[in-house]
Amino acid sequence: MKPPGIIDLTLLFPNPSQFIRLKVELVLMENCTSNHFMLGNDYLSIYGIDISNQKDRYFTIGDNKRQKFGFFNNNRQITVIKNEEKSPEKEFFITEQLKEAELNHELTEKIKEKLIHLLFKYNNAFATNKEPLGAIIGHEVDIILIVEKPYPPLLKRQAYPASPRAREALEVRIKELIDLGVLRKVGHNE
15 MKPPGIIDLT LLFPNPSQFI RLKVELVLME NCTSNHFMLG NDYLSIYGID
65 ISNQKDRYFT IGDNKRQKFG FFNNNRQITV IKNEEKSPEK EFFITEQLKE
115 AELNHELTEK IKEKLIHLLF KYNNAFATNK EPLGAIIGHE VDIILIVEKP
165 YPPLLKRQAY PASPRAREAL EVRIKELIDL GVLRKVGHNE
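If you count by our numbering, then the sequence shown holds residues 15 to 204, one letter each, in order.
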């Protein structure tokens with residue numbers, strides 16, 4: 015049995031003093047029907063819920079044993095938007111092209127699934143059939159995140175004229191950023 019999805023549901027039970035609001039997660043199973051509804055003992059004892067499973071299922075809340083509430087016996091199937099089934103292409107992408115990829119262990123499973131889905135959806139931007147993810151020849155980008163000494167000057171005009179060596183280092187850094195497409199040259203009227 016495969017779980018096609020989880021539904022977050024809020025149940026409201028009428029109570030003489032106030033409504034009882036219970037947040038419930040229902041796990042839907044493929045090719046499986048359920049005729050039972052289970053609540054934990056903590057909910058039963060906190061709210062005074064008494065569930066009697068006789069011919070018809072009903073429950074009472076609190077001290078009022080005369081007012082009975084029931085669940086409808088509903089055999090209709092619920093239409094659920096299933097999670098996207100993994101296609102053979104996606105399985106191949108995950109097993110072959112992402113085999114050397116390492117995802118941050120601090121990411122939740124839901125975020126990892128979304129990230130893998132985006133990588134698969136736009137895999138032509140990152141990989142080709144012949145070249146796996148991140149190994150496209152001719153599109154290598156080398157961005158230095160840690161700059162070692164001598165540090166390049168800041169990318170702003172100095173209040174005083176810079177030395178020729180500092181100007182040259184600044185021009186080299188600006189040219190690198192223009193080549194990477196981070197910066198672009200603009201005319202005098204822009």
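All C-beta atoms, glycine included, are put in the ideal place defined by N, C-alpha and C.
In this text the structure is predicted, and so the values were computed from the model without any measurement.
- Around Leu191, the same chain offers Leu197 as residues with beta carbons nearer than 6 Å, after the five sequence neighbours per side are excluded.
- Annotation: the continuous alpha helix (DSSP H) that includes Ile192 extends over 178-194.
- Ile108 has its alpha-carbon roughly 16 Å from the corresponding atom of Asn118.
- The alpha carbon of Arg35 has as its nearest neighbour, out of Leu26, Ala115, Gly19, Leu133, the alpha carbon of Leu26.
- Rounded to the nearest whole angstrom, the C-alpha separation of Arg187 and Asn138 is 30 Å.
- Considering only Thr122, Asp22, Leu184, Leu133, the residue with the shortest C-alpha distance to Ala115 is Leu133.
- Assignment of Asp56 by DSSP, reduced to helix, strand and coil, places it in the helix class.
- Bounds of the alpha helix (DSSP H) holding Lys126 are 123-135.
- Where Glu103 is concerned, the enclosing alpha helix (DSSP H) starts and stops at 102-106.
- For the options Asp193, Pro164, Gly195, Leu194, the alpha carbon positioned closest to that of Ala180 is the one of Pro164.
- Of the residues assessed, Gln81 falls on the exposed side of the cut-off, its CB having fewer than 16 other CB atoms within 10 angstroms.
- Shown here, Glu120 sits in coil according to DSSP, grouped into three states, outside any helix or strand.
- Close CB contacts of Lys199 within its chain, under the 8 Å cut and outside five residues either way in sequence, are with Ile192 (chain order).
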